[in-house]
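Residue numbers (my numbering), protein chains in the order written: chain B, 1 to 137; chain R, 1001 to 1159.
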């Protein structure tokens, strides 16, 4: 699997030699981006099918669909992965193109707040619909 | 000669206080590379990713609207029923599918598949070229497939 013989870890030989890692967060960002990406492969295909079934659906039908346990759980996982993966990507875009330090920091903080707010809003909305549907039965 | 040397010295000493530093020549960047399809993929990956972040906000809008009540939901649903709404949805479908296909290629390359000098060598094995076009082609084909099925469903009424 590895391109370099004898290298069976993601850490570079230099890191082991110097006992100094990369300056900031190492492979953490890279790894999380891949993990959320792998989760989003099946989730986004499922989401396309869900959107297909909800075209021109009535409001009660939409609520009933979201309130199904499987759909509700998948929607919540999708929301968290989507905002997480998006935030990781936007973080790199800001790092690449915004060179004014104070603006970069401000945007990064705003991005963190926005991503958590978005994911939380989705999860709470799905939970509210799910519990309201469960209360009716 | 002396003049040029003095100017260089001045530029070095007063770098922080003058505009000379900003006028320094930069090393060649994008202009020196021969065009490859992976440049298009890379640009599209970033652009579609950016666009999909806006899509995530629409998902949040839809879920919050559904949880809020029927009026809020109708505002949301009627927007996506309009022509600009449908056009945006087509664009979002392709963005999602391209980002998905290209992302899968990224993951495969992370594992070392189809990566490295041999795949870049046009004379021997131009995998690098063909897989890039395959990713773009498949994403367009899948988008067409999704929308043909959707249109057939909506017009024909078959589930």
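Note that beta-carbon positions come from the ideal geometry of N, C-alpha and C, so glycine has one too.
Is residue 125 of chain B near residue 1072 of chain R, with beta carbons less than 8 Å apart? no
Are three or more beta carbon pairs between the stretch 1024–1033 of chain R and the stretch 61–72 of chain B nearer than 8 Å? no
Counting only Cβ-Cβ distances shorter than 8 Å, please list the residues of the stretch 79–102 of chain B near chain R, keeping chain order. 79, 82, 83, 86, 89, 90, 93
Whole-angstrom Cβ separation of residue 1106 of chain R and residue 1048 of chain R, contact assumed at under 8 Å? Contact doesn't hold; Cβ gap of about 13 Å is too wide.
If contacts are defined as beta-carbon pairs under 8 Å, then residue 1147 of chain R and residue 1090 of chain R qualify, I think. What distance do you get, rounded to the angstrom? Their Cβ separation, rounded to whole angstroms, is 6 Å, which keeps residue 1147 of chain R and residue 1090 of chain R in contact under 8 Å.
State the CB to CB distance for the pair residue 1142 of chain R and residue 1097 of chain R, rounded to an integer number of angstroms; the pair is presumed to be in contact (CB under 8 Å). 5 Å
Residue 1153 of chain R versus residue 100 of chain B: straight-line alpha-carbon distance, rounded: Taking the straight line joining both Cα atoms gives about 50 Å.
Within chain B, partners of residue 1135 of chain R - CB distance below 9 Å: The CB of residue 1135 of chain R never comes closer than 9 Å to any CB in chain B; the least such distance is about 14 Å.
Please compile the residues from chain B whose C-beta is within a distance smaller than 9 Å of the C-beta of residue 1107 of chain R. 34, 37, 38, 41
Sequence-distant residues of the same chain with beta carbon closer than 7 Å to residue 1062 of chain R, five excluded per side: 1076
Excluding five sequence neighbours on each side, which residues of the same chain lie with their C-beta closer than 6 Å to the C-beta of residue 84 of chain B? 36
Classify residue 1128 of chain R: buried if its beta carbon has 16 or more other beta carbons within 10 angstroms, exposed otherwise. buried
Cβ atoms of residue 1060 of chain R and residue 81 of chain B: under 8 Å apart, would you say? Not a contact, by the Cβ cut-off of 8 Å.
From the beta carbon of residue 56 of chain B, is the nearest beta carbon of chain R less than 8 Å away? yes
Going by C-alpha distance, which of B:129, B:89, B:104 is nearest residue 1054 of chain R? Taking the Cα of residue 1054 of chain R as reference, the smallest distance to any Cα among B:129, B:89, B:104 is reached at B:89.
Residue 105 of chain B versus residue 1151 of chain R - alpha carbon distance: Whole-angstrom Cα-Cα distance: 45 Å.
Mind checking whether the beta-carbon of residue 1154 of chain R lies closer than 7 Å to any heavy atom of the ligand FAD? This structure lacks the ligand FAD; in fact it carries no ligand of any kind.
Straight-line Cα distance separating residue 1024 of chain R from residue 42 of chain B: 49 Å
Taking buried to mean at least 16 other C-beta atoms within 10 Å of its own C-beta, is residue 1045 of chain R buried or exposed? buried
Does the beta-carbon of residue 1041 of chain R have 16 or more other beta-carbons within 10 angstroms, so that it is buried, or is it exposed? buried
Between the Cα of residue 136 of chain B and those of B:95, B:60, B:108, B:116, spot the shortest distance and give me the residue it belongs to. B:60
Helix, strand or coil: how does DSSP classify residue 106 of chain B here? Of the three classes helix, strand and coil, the one that applies to residue 106 of chain B here is helix, per DSSP.
When you compare the CB of residue 1053 of chain R with every CB in chain B, is at least one pair closer than 8 Å? With 8 Å as the cut-off, residue 1053 of chain R counts as an interface residue toward chain B.
Alpha carbon to alpha carbon, how far is residue 50 of chain B from residue 34 of chain B? 24 Å
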